Amino acid sequence: MSALLAGLPVVSIVTFLPLAGAILLAFFHEGSSRTSRTVALAVSLLTFAAALLLFFGFRGVSGLPEFAERASWLGRGLDYEVGVDGISLFLVLLAAFLTPIALLSSWKAIDGRVKEFSIFMLVLETGMIGVFVSLNLFLFYVFWEAMLVPMYFLIGIWGGRRRVYATMKFVLFTMFGSLLMLVAIFALHHAYFQATGHYSLAIADLAAVPLAPGLQTWLFLAFALAFAVKVPLFPLHTWLPDAHVEAPTAGSVLLAAVLLKMGAYGFIRLGLPLFPRAAAAFAPALSILAAIGIIYGGLMALVQKDMKSLVAYSSVSHMGLIMLAVFSLNFEATQGALFQMLNHGLSTGALFLCVGILYERTHTRLIVDYGGTAARMPVFAGLFLVSMLSSAGLPGLNGFVGEILCFFGVFAANKVLGVLGVTTVILSAAYLLWLYRRVMQGPLKDPADVRLRDLDRRELACLVPIIVLMVFLGLFPGSILRKTDGAVSRYLGVVNSKPAASLTLNEVSPPGFGRSVTAGTER
Amino acid sequence: MSILALAPLLSVVAGALTALLLEAFIRRRDHELSATAAILALAAAAYFIARAWPLEPAYFGGRLILDALALLLMGVFVLVAALVLLMSLAYAPLREINLGQLSGLLLLAVAGLMIMVSSKDWLIVFLGLEVLSVASYALAGLRRSDPRSREAAAKYFLMGSFAGAFFVFGLALVFGTTGDLSFAAGVPSGAGPGGPPVTVLAGLGLIVAALLFKIAVAPFHMWAPDVYDGAPTPVTAFLTIAPKAAGLAVLLRLLWPLPVASRAAALYIPVLSVAAVLTMFAGNLAALRQKNIKRLLAYSAIAHSGYLLVGVIAGDGPGLVFYLVAYTFMNAGAFAILAALSGRGEDNTTLADLSGLGRRHPWLAACLAVFLLSLAGIPPTAGFLAKFFIFSAAVARGRVLLAVAAVLASLVSVAYYFKVIGAMYMQDAETGPVLGKKNPALVLAIVLCLLGIIQLGVWPGHLLVLIRQALAGLI
């Protein structure tokens, strides 16, 4: 297989295949919804297949980016540089895995303007994958910002009653953070030029040049704001429940499963390695915000009347734990954060799919309207329960592994925060199991619910792959953790090193991307 | 060989005269002949600009300068004029605008612009400014049956005359003190003590104020919304781009040679920075409240003057020219869509007219969405790269707060650009204004703008390299 991959720009193919599909779709006839759906699904499946090539070809020993590609683009360091390392690989896979599922889940739910919907979904996929594979800060920003546009349309066109308000809030919140990050990128660009005499925005290059502490603080704050809005960290989370509740199921799934990860990924890829000193200084404050988010999100989830906003607040809580782990800055916590990012993507994605499935049947998301649904939809109830238990961290499922790693790491860093973090287990068990009891058990609430039918083949095809993956990751977490080891140790080496230590250009930056290509493909 | 240096200007003037004569003597109602002559003249001008590229830069004792900046901007003017003519071919018959007069006046205005950007002599610049102004007053009032167009012309004329008077008075002060009419007159280029006399400073201040008026920079922007809104749509496209570009080029020529550490820089940088911030916020905040797209774009054009001024303050010549090219495509594109939306008699440019456009005219809506996204500065469009270069240069010059203000102003602008996109795609209106068949010239203009935006946003390679190399030696 390595011979097959040699010289093939796999990362670019994975990134731009969906975009090519979207452009192709633009020229299709408006009326043929079925064709649009099929083409979009086929393209996204093909993308997933290509992403699997990345997974199987990836070695992850060195911790350096593999499958790296480089091309000069705009000059002055604004270059096209992509590749995957252990940190980004699984997020790329997650995005490529969930997009076909999201498309499949909206097979019936979206029946107007299907062509446009398919186009925006595919463009969104390119944006998401692009953010994760970028190794150049400029390219990262381009994808980070461009991705807002398809999401804006997805929520705004196919969303619920308050969709226009929700989508505008989403865009403005995210933009506010990222525009200040843009100014920080300018400053970084210039600071690198002053320090070295040539331009570069390659992330590895930038991390290699220590910045003055004062500058570091400001730049870190600008980056942190952009990422904190996206995660979202308390108190910047207010866009999230609105966006989630109004978004169509497919939008919610990708928003929760992938877009939120971008914030955490941004901290790991950029915020901490580029500004290690400032990050260390602000880590306690950010950890406290994360801990507040865990408890606040959990408590809010307990009192929600709408199933979707319950899952949305549970995301705030779970992302809080991930951020707590990220700021603990040790090996277990970082491994746990990465693993938990994957888990949260799977379990929250599955939960949103479940809510969407119920909504398609009854056209209500209010918890009080349900009761005894398990009797009518036993298969669905089983899958729903597994998703919940994965989200709540039941041993044997993936959530447990991630949470336990996070807790080990967080306790090692700070006992008090560790105790606060563990409340997520209690809270999530409480709001999820209570939700299950109210919706699934007890007597049938609505006489019309007698006619509820269980999952059809399409819905099974959406949920079962996720469930299988949950069980697999719960039993064999090593399959993932082995591949992230190298990148995580390398990352911690950068973050925890004192800037004054012998951190020269040659030491940290990979010695030319050409070599890492061979490392990734020649076996 | 000096005549070749004048060739772009001469071909445009010849085109203008031909168009006006054809209009007067040929008895055809549609005057497409004049427009054709004008387009041919523009093509000739473009050819001569390309031919003039490697020539040595100064003619007529330094009165005429054909350096890279001048040639690049002339190229921009030709491009704008061509796009405006293509738009007018569709728009003029709908509004009973005399296409022959429009073509002739437009080329005269272009001639004025060309004169403005190709000299370092204040008198020549004034000559160009007046040629431009007279032509643009008439252009704004071309829709004689419409009181708003007449109001626009009157307002533009009155305010423009004031600005012209400022310019002349400033010129008199500078000349009276120094006896010299060149840009360098009285401008202290060193950091040494003993600055210029107060009269020179006052004179330069008046001249700069007149230029800021043309660029529509706050607090000299009050005329702009009414004029942009009242003028015929293709003329608005022209007025929002070309005079602005010329004014900025003159400012850049004046300020670029000054060392950053000089006393003059210490004087003009804070003043222009305040003006730029005021402009960006005045334009963007006012645009937020608009219900009419044409007026919204008028305010957005003011905001873009502010962004462009940031480029001047940062001393980023290449970035400024790149921004102007990108801005030409995105703004002309947006106005071309407005021209395509207008029916016989009414403009159909309220937000309500646009609602549901995404369903009714998917391609038209998609193009407008791209133009608006580019104006908002969303990657991967040309507008994003343009802002990126300019704001980045500001940070590199240490003007971090200015850059922060600029991105925050952009955030405000996102709100109203996205509001228009939202109206097109997220609101349903089964019945909307019925549009006639698309004019091929108009379609060509829209497609050109779209290609320009995508090309410049994704792969600006050649143009970017060309601009950077051309302007590298010009400091």
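So the sequences go chain by chain: F and D. Using the working numbering, read the first sequence as starting at 2 and increasing by one per residue. Using the working numbering, read the second sequence as starting at 3 and increasing by one per residue. From the three backbone atoms N, C-alpha and C, an ideal C-beta is built for every residue, glycine too. A quick note: this is a predicted structure, and the numbers were derived from the prediction, not measured.
Residue-level contact to chain F via CB, residue i, 7 Å cutoff
i                 : result
GLY424 of chain D : yes
ARG394 of chain D : Per the sequence shown, the amino acid found at residue 394 of chain D is Ser instead of Arg. Answer yes: the Cβ-Cβ gap between SER394 of chain D and chain F drops below 7 Å somewhere.
LEU12 of chain D  : no
GLN471 of chain D : no
LEU465 of chain D : no
VAL409 of chain D : yes
VAL397 of chain D : yes
VAL449 of chain D : no
VAL416 of chain D : yes
ILE271 of chain D : no
Chain D contact for residue i (CB, 7 Å cutoff)
i                 : result
GLY157 of chain F : yes
PHE228 of chain F : no
ALA223 of chain F : no
VAL259 of chain F : no
HIS245 of chain F : no
LEU25 of chain F  : no
LEU504 of chain F : Confidence is the limiting factor: at LEU504 of chain F the pLDDT is only 35, short of 50, which leaves the residue's position unreliable, though a coordinate-based value still follows. LEU504 of chain F does not count as touching chain D.
VAL124 of chain F : no
HIS364 of chain F : no
VAL210 of chain F : no
PRO500 of chain F : Only weak support exists for where PRO500 of chain F lies, its pLDDT of 48 falling under 50; the value from the coordinates is given anyway. Chain D contact via Cβ: absent.
VAL143 of chain F : yes
HIS199 of chain F : no
LEU347 of chain F : no
LEU18 of chain F  : no
LEU275 of chain F : no
TYR193 of chain F : no
LEU180 of chain F : yes
DSSP beta-bridge partners of residue i
i                 : result
ILE67 of chain D  : D:ALA60
ARG71 of chain F  : F:GLU82
ASP123 of chain D : D:SER184
ALA203 of chain F : F:ASN137
ASN294 of chain D : D:THR352
ASP307 of chain F : F:LEU367
Closer than 7 Å at the beta carbon, the chain D residues around residue i
i                 : result
PHE177 of chain F : LEU413
ALA147 of chain F : ILE380, PRO381, PRO382
Heavy atom of the ligand GDP within 6 Å of residue i beta-carbon
i                 : result
ALA218 of chain D : No copy of the ligand GDP appears in this structure; indeed no ligand is present at all.
Residue i: contacting residues in chain F (beta-carbon distance under 9 Å)
i                 : result
MET428 of chain D : PHE154, GLY157, ILE158, GLY160, ARG164, VAL165, THR168
ALA405 of chain D : LEU183, VAL184, PHE187, ALA188
VAL402 of chain D : VAL184, PHE187, ALA188, TRP219
Three-state secondary structure (DSSP) of residue i
i                 : result
SER503 of chain F : Only weak support is given to the placement of SER503 of chain F: the predicted model assigns it a pLDDT of 34, under 50, and the value that follows is read from those uncertain coordinates. SER503 of chain F falls in the coil class under three-state DSSP.
THR335 of chain F : helix
LEU398 of chain F : coil
VAL518 of chain F : Residue confidence is low: VAL518 of chain F scores 35 on pLDDT, short of 50, so the model does not pin down where it sits. Its coordinate-derived value is still stated next. In the structure shown, VAL518 of chain F sits in a helix (DSSP, three-state: H, G or I).
LEU367 of chain F : strand
ASP32 of chain D  : coil
THR383 of chain D : coil
LYS109 of chain F : coil
HIS464 of chain D : helix
THR16 of chain F  : helix
PRO274 of chain F : helix
ARG346 of chain D : coil
GLU98 of chain D  : coil
PHE331 of chain D : helix
Interface residues of chain F facing residue i [CB-CB closer than 7 Å]
i                 : result
LEU356 of chain D : Ordered by position in chain F, no residue passes the 7 Å Cβ test against LEU356 of chain D, which lies about 14 Å from the chain.
Cross-chain neighbours of residue i in chain F, by beta carbon under 8 Å
i                 : result
LEU375 of chain D : VAL150
VAL237 of chain D : Correct list: empty, because the minimum Cβ distance to chain F is about 31 Å.
Interface residues of chain D facing residue i [CB-CB closer than 9 Å]
i                 : result
VAL172 of chain F : VAL416, ALA417, PHE420
Exercise for the section: Go through the stretch 434-480 of chain F residue by residue and report every complete run of the beta strand (DSSP E) that reaches 3 residues or more, in order. Expected result: none
Problem - Complete alpha helix (DSSP H) runs within the stretch 172-232 of chain F (minimum length 4 residues, chain order) - result: 204-209, 214-231
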